[in-house]
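Presented below is the structure to which this report refers.
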Amino acid sequence: MYQLSLNLRAALLSVIMLVVGLLIWEAAIPAQQAAGELTEYELLTGGGAPKAGVPPPSQVIAKAWEQLSDPFYDAGPNDKGIGIQIGYSIYRVLTGYFLAALIAIPFGFLIGMSQVAYKAFNPFIQVLRPISPLAWMPLALFIIGDSEASAIFVIFICSIWPMLINTAFGVAAVREDWINVARTHELGPIRTAFSVILPAAAPTIVTGMRISIGIAWLVIVAAEMLVGGTGIGYYVWNEWNNLDLTSVVFSILMIGVVGMLLDAMFGLLQRRVTYAE
Amino acid sequence: MKPYLSIEQLTQRFPDGSGGQLTVFENATFGVEKGEFVVILGHSGCGKSTIMNILAGLADPTSGSVIMDGQEVKGPSLDRGVVFQNYSLLPWLTTLKNVTFGVRARHPEWTKAQIDEHATKFLAMVGLEGDVIHRKPSQLSGGMRQRVSIARAFANHPKLLLLDEPFGALDALTRGTIQDELLKIWGQMEQTVFMITHDIDEAILLADRILLMTNGPHARVAESVEITIPRPRSRTEIVEHPNYYAIRNHLVQFLGKRSKELAGQPATPGQPNAPETVRIDTTQTNDDPADTRPALKAVNS
Ligand SMILES: Nc1ncnc2c1ncn2[C@@H]1O[C@H](COP(=O)(O)OP(=O)(O)OP(=O)(O)O)[C@@H](O)[C@H]1O
Ligand SMILES: [Mg+2]
Chain A
2 MYQLSLNLRA ALLSVIMLVV GLLIWEAAIP AQQAAGELTE YELLTGGGAP KAGVPPPSQV
62 IAKAWEQLSD PFYDAGPNDK GIGIQIGYSI YRVLTGYFLA ALIAIPFGFL IGMSQVAYKA
122 FNPFIQVLRP ISPLAWMPLA LFIIGDSEAS AIFVIFICSI WPMLINTAFG VAAVREDWIN
182 VARTHELGPI RTAFSVILPA AAPTIVTGMR ISIGIAWLVI VAAEMLVGGT GIGYYVWNEW
242 NNLDLTSVVF SILMIGVVGM LLDAMFGLLQ RRVTYAE
Chain B
67 MKPYLSIEQL TQRFPDGSGG QLTVFENATF GVEKGEFVVI LGHSGCGKST IMNILAGLAD
127 PTSGSVIMDG QEVKGPSLDR GVVFQNYSLL PWLTTLKNVT FGVRARHPEW TKAQIDEHAT
187 KFLAMVGLEG DVIHRKPSQL SGGMRQRVSI ARAFANHPKL LLLDEPFGAL DALTRGTIQD
247 ELLKIWGQME QTVFMITHDI DEAILLADRI LLMTNGPHAR VAESVEITIP RPRSRTEIVE
307 HPNYYAIRNH LVQFLGKRSK ELAGQPATPG QPNAPETVRI DTTQTNDDPA DTRPALKAVN
367 S
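Spelled out as structure tokens, the structure:
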């Protein structure tokens, strides 16, 4: 008997779910409008004006087509293509993120190598880590002044903790035996760090990096809603102010897709550094 | 004249967790000759691994010293190769890379081709050839991993090879194969070997001399038993040698009874705690002229 592979069957099921989901969504929208009777809420908010309604998927797809066929147009400060907006967001995320990695990974390495440092820094990390990154925003705006730099700072501060904690933990947890292998081979501290500790701790470090990029992408949307000007977060907020819900739904989907791609990149890296014991 | 490897008045104490001190062993004093294969036998917890870690330079003793080839052991060195109990291969490297890791450390001036060739040669020596050497340790069986670990140690030509229960985790069949391989390589390279084991038969098969440790705390290396069975030895033939059961019984007696009776006696302060040499040779009292077995010589001399 012919048997489809597991992946193929799963993919088929995904497509079916997508199509069914879209059909239900499409069917639900006109039904709501055709019902004629207005709910109490709609009466209160001005009678269910059709232009502010939730769009059916066909409209979103049409919008997506229109936007994605010319993603980089630039017609003034309030009208830029989705590609440009996402580009700004990615630029901010990556800048803040790599600055954080540049500090968190070497610093985490040092903390992880010394039990005293690990214990000494731990209370600070534990207090700073649960602070919502957006809570830093007013302080950042006041101290840094520039809203662009403040957004990058917020990304920096939110992505530093998982990388710092995971690096320190991963380095501290490297098996004594592997260190002893390095010692019996007379490797110096630098070579031990690069040829034994780093590869041994890499899976934990990359897991931290993956968590960080996820958080950074979550935070950038909120941060850009606050600072405004450019970026996908600002775009969502701006379209909401224009009551263009089709664009809002479309950009929500784009946020998801970009987030997924960023995560997939680190998933790939993670697979490369993971080892089985 | 000092032996090649001289362990002098070695004492190790650890904090016992309740404010006091735990003396693992005190003033332990013994020697190992160049090219000798010495096995140390003793109950769990008597301090065998502690001694080995000190010999490797991975741990410092509370007092006393280890002198190898006229030089005091201070810290780990490429001259002392270690095969750890749990193999300690680096799991992110392939089998070949695990061995080249060691070779590169020993010969930093070699080219990559030279290093690879040398490593491949030693892997072949322990029976690992072809595709296997490009697999990760996690894709190897326990016995294969152990062989990689042995190849890594041998490829560096250490002056002293330290083996901590190297076959502990292996099944009897694999154990036998690797013991044979170890004997073969040792025969070719005239390596000085110091090995820990729990297995009496393994000890008799491999050793020139067996050191017997009493139970801890205050453990002592109480006896040094010469294995008066000529080489080359094979698993099936040694059991027929007249000395085999005499030696084996002596070892079983020691581990079963005397290791307990002799335990826990604090050493006389300042006096070296050296083992008593025991030589069991039933063939020497054998005056049957028809016996044409080769004359036995003392293995240490
Ligand atoms: N770092 C340490 N701190 C405190 N006590 C220790 C330490 N290392 C070893 N010991 C103690 O020293 C004693 C000897 O330990 P060791 O590991 O040398 O035993 P062993 O003879 O190798 O035993 P086994 O055959 O089970 O491996 C044990 O009682 C152990 O609890
Ligand atoms: Mg041990």
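Protein chains in written order, with the working numbering: chain A, 2 to 278; chain B, 67 to 367.
Note that beta-carbon positions come from the ideal geometry of N, C-alpha and C, so glycine has one too.
- Item | Beta carbon proximity, A:Asn181 to chain B, threshold 8 Å | yes
- Query: Going along chain A in order, which residues have a C-beta closer than 9 Å to the C-beta of B:Gly234?
  - Reply: Simply none; closest approach about 14 Å.
- Skipping 5 residues on each side, what residues in its chain have a beta carbon closer than 6 Å to that of A:Leu269? none
- A:Val250 to A:Val61 span [Cα, whole Å]: 7 Å
- Message: With a threshold of 7 Å on Cβ separation, who are the neighbours of B:His307 within its own chain once the five nearest residues in sequence on each side are excluded?
- Response: The answer, listed in chain order, is Ile295.
- Message: Less than 8 Å between C-beta atoms, sequence neighbours within five positions excluded: which residues of the same chain meet that for B:Ser110?
- Response: His264
- Message: Please list the terminal residues of the continuous beta strand (DSSP E) segment that includes B:Asp265.
- Response: Segment: none, B:Asp265 is in no beta strand (DSSP E) and carries neither H nor E.
- Message: Closer than 7 Å between the C-beta and any heavy atom of ligand 2: which residues qualify, listed along the chain?
- Response: Listed along the chain, these residues meet the criterion: B:Lys114, B:Ser115, B:Gln151, B:Asp230, B:Glu231, B:Ile262.
- Which residue comes first and which comes last in the beta strand (DSSP E) that contains B:Thr95? 87–98
- Message: Using only the alpha-carbon positions, how far apart do A:Ala11 and A:Leu262 sit?
- Response: 20 Å
- Message: Below 8 Å on the Cβ atoms is my contact criterion, and I expect B:Asn281 with B:Thr95 to pass it. Report the Cβ-Cβ distance as a whole number of Å.
- Response: Actually they are not in contact, since the Cβ atoms of B:Asn281 and B:Thr95 sit about 19 Å apart, beyond 8 Å.
- Within the same chain, show all residues whose beta-carbon is closer than 6 Å to that of B:Thr89, passing over the 5 residues directly before and after it, in chain order. Arg79, Pro283, His284
- Query: DSSP state of A:Phe195, grouped into three classes?
  - Reply: Helix at A:Phe195.
- Would A:Pro57 count as contacting chain B if we go by Cβ distances under 8 Å? no
- Task: Counting only the same chain and skipping the five closest in sequence on each side, list residues whose C-beta sits under 8 Å from that of B:Pro224.
- Result: Leu144, Asp145, Arg146, Gly147, Gln257
- Task: List the residues of chain B whose Cβ lies closer than 7 Å to the Cβ of A:Leu188, in chain order.
- Result: In chain order: Ala171.
- Query: At least one CB of chain B closer than 8 Å to the CB of A:Pro309: is that the case?
  - Reply: The first residue shown for chain A is 2 and the last is 278, placing residue 309 of chain A beyond what the model contains.
- Using a threshold of 8 Å, state whether the C-beta atoms of B:Gln254 and B:Pro232 are closer than that. no
- Task: Answer yes or no: does any C-beta atom of chain A fall closer than 8 Å to that of B:Leu226?
- Result: no
- Message: Any beta carbon of chain B sitting closer than 8 Å to that of A:Ala277?
- Response: yes
- Item | Chain-ordered neighbours of B:Gly168 on chain A, where CB pairs are closer than 7 Å | His186
- Rounded to whole angstroms, what's the CA-CA distance from B:Pro81 to B:Ser325? Just pull it up for me. 24 Å
- For B:Phe292, does the three-state DSSP call read helix, strand or coil? Per the sequence presented here, residue 292 of chain B reads as Glu, with Phe not at that position. B:Glu292: strand per DSSP, three-state reduction.
- Query: chain B partners of A:Val197, CB-CB under 8 Å?
  - Reply: Leu156
- Task: Determine the contact status of A:Ile85 and A:Asp75, defining contact as a CB-CB distance below 8 Å.
- Result: Cβ atoms of A:Ile85 and A:Asp75: closer than 8 Å.
- Query: If you draw a straight line from the C-alpha of A:Ile233 to the C-alpha of A:Trp137, how long is it?
  - Reply: 20 Å
- Query: Beta-carbon of B:Phe260 versus every beta-carbon of chain A: anything under 8 Å?
  - Reply: no
- Query: Hey, would you say A:Ala101 sits closer than 8 Å to A:Ser213, going by beta carbons?
  - Reply: yes
- Query: DSSP state of B:Gln78, grouped into three classes?
  - Reply: Correct three-state label for B:Gln78: strand.
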